[in-house]
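Structure first, then comments.
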Amino acid sequence: MIRIFVLLVLWGCGHSAHHNHANHHMHKATHADLIKRFEDPKRDLLQKPAMVMKLLAPLKGLAVIDIGVGSGYFAQHFLEAGALVTGADVDDKFLQHVRQRFTVKEFKALKIAYDDPFMGEAQYDMAFTSNTYHHIDHRVSYLKKVRAGLKNAGRFVVFDFKKEGDGKSGPPLAMRISVAQVIKELKEAGFSQITTHEKEFEQHYLIIATK
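The sequence shown begins at 1 in our numbering and counts up one residue at a time.
Next up, the structure:
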């Protein structure tokens, strides 16, 4: 497991759903260990944050909520791109960490519930979740709340592990959600404009759904 991707289900996995098997699997490690693994420089090689930012650009001045902010790995990139970032998580220890990490006025931390992202109505230009989608139970209901919290033409972005793989890196294959399943659930939640990016990433897919 000391390979380039020793992070299991760990990287960026905030907890935006009920305590399910994926959450239990992740929390076999301590918060300190999780943060260390989330911020491992080797993560950049497979998750390609520069590519993610390129696909989502421009972000300057946009209100972005990072659902399952974890250690703030992607929040850092959003801030560098000029976004106004809300780091959302159900976990108090992760929220404490990001509050200490980001002290700029462009960042705020938000405590959310397992079944509600507390986005309000039409508040955000983009909602983003990294390595977290497979943690969410009752996803269609949750996605409807996400959609309601987006402004007109707002985007919901799912960045997660591909269903295909040998299971030696990332979460166990049984925990992963296929691209087809994500698209199906997004449509059921009311999203209609959906684009996918798979070839750009070895281990991940990126799906953009527009309100």
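Don't be surprised by glycine CBs; every beta carbon is placed ideally from N, CA and C. Quick caveat, the model's predicted, so the values are computed rather than measured.
Taking a cut-off of 8 Å on C-beta distances, the stretch 141-152 does not touch the stretch 172-181, as fewer than three cross pairs fall below it.
Shown here, L46 sits in a helix according to DSSP, grouped into three states. Its chain contains V69, G72, G87 and A109 as the residues whose beta carbon lies nearer than 6 Å to that of V98, once the 5 sequence neighbours on both sides are disregarded; these appear in chain order. Taking the CA atoms as reference points, Q203 sits about 10 Å from F159.
In the DSSP assignment, the residues bridged to Q193 are T210. Going by C-alpha positions, I67 is about 24 Å away from E164. For A81, same chain residues with a beta-carbon under 6 Å away, outside a window of 5 residues either side, are M53 and L59 in chain order.
Beta-bridge partners of T86 (DSSP): I65 and K108.
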